[in-house]
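In the working numbering, the protein residues as written are 1347 to 1562.
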């Protein structure tokens, strides 16, 4: 069997199943016709790929499925599209975490929200280890999440800015790189300016800003 996978070789996925979905995506984009995602053949392509062992650990498979579900969401009437919208987010969050592109623009805030717990888990692991690779991966992921968080979502942006600042502080403590602590102070101030007054997380935001200033 010809297989394809990204970062996981435990459960190979048939390349033919992925290519079938990707070919349909190419047709939808070429014709600018999301309704093609509703055809019986598209439903069969989704079913066949989801039946392949290990599809959920194959980023290429998840990318293809996520986009096809997204086009189905666009094509279906309101009220009938929720299942495909949720399936698109579920499939694409790991791809977003891995930095794969492109992503549906309208889904970016939801993908950022789905990625945040994974970034926090990564940061927790990094804080207990000596190596710097995990902490740098956490910094990169928080930056990606921040870029996808709407500018008018003050509380969520403050949360992301604060945790990015914490990650940068951890990295500064290991490397002594001044650009990290300077950035930690900058994002900490942005978080303090952006969080609504009296918000339950305001104290945490200010404490983390104070910690960054003290380190610098």
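The beta carbon of each residue, even a glycine, is placed where N, CA and C say it ideally should be.
Just so we're clear, the structure is a prediction, and the values are computed from it rather than from any experiment.
Annotation: residue 1463 to residue 1526 spans about 22 Å, alpha carbon to alpha carbon. Remark: C-beta atoms of residue 1454 and residue 1513 do not approach each other more closely than 8 Å. Taking residue 1482 as the centre and dropping the five residues before and after it, the same chain places the C-beta of 1517 closer than 8 Å to its C-beta, in chain order.
The beta carbon of residue 1372 is closer than 6 Å to none in its chain, skipping five residues each way along the sequence. Taking C-beta atoms under 8 Å as the contact rule, residue 1503 and residue 1495 qualify, at a distance of about 5 Å. Here residue 1441 is not near residue 1395, since their CB atoms are 8 Å or more apart. Membership of residue 1541 in any alpha helix (DSSP H) is not indicated, and neither H nor E is assigned to it by DSSP. Excluding residues up to 5 positions away in sequence, 1453, 1456, 1457, 1460 lie with their Cβ nearer than 7 Å to the Cβ of residue 1435 in the same chain. A straight-line Cα-Cα distance of about 18 Å links residue 1473 and residue 1505. Annotated as proximal: residue 1537 and residue 1507, with beta-carbon spacing under 8 Å. The beta carbon of residue 1391 sits closer than 8 Å to the beta carbons of 1363, 1366, 1367, 1370, 1414 from its chain, once the five residues preceding and following it are set aside; these are given in chain order. Boundaries of the alpha helix (DSSP H) harbouring residue 1520: 1500–1521, taken from the DSSP string. In the same chain as residue 1420, and ignoring 5 residues on each side of it, the C-beta atoms closer than 7 Å to its own belong to 1380, in chain order. Of the residues 1524, 1423, 1430, 1409, the one whose Cα lies closest to the Cα of residue 1444 is 1409.
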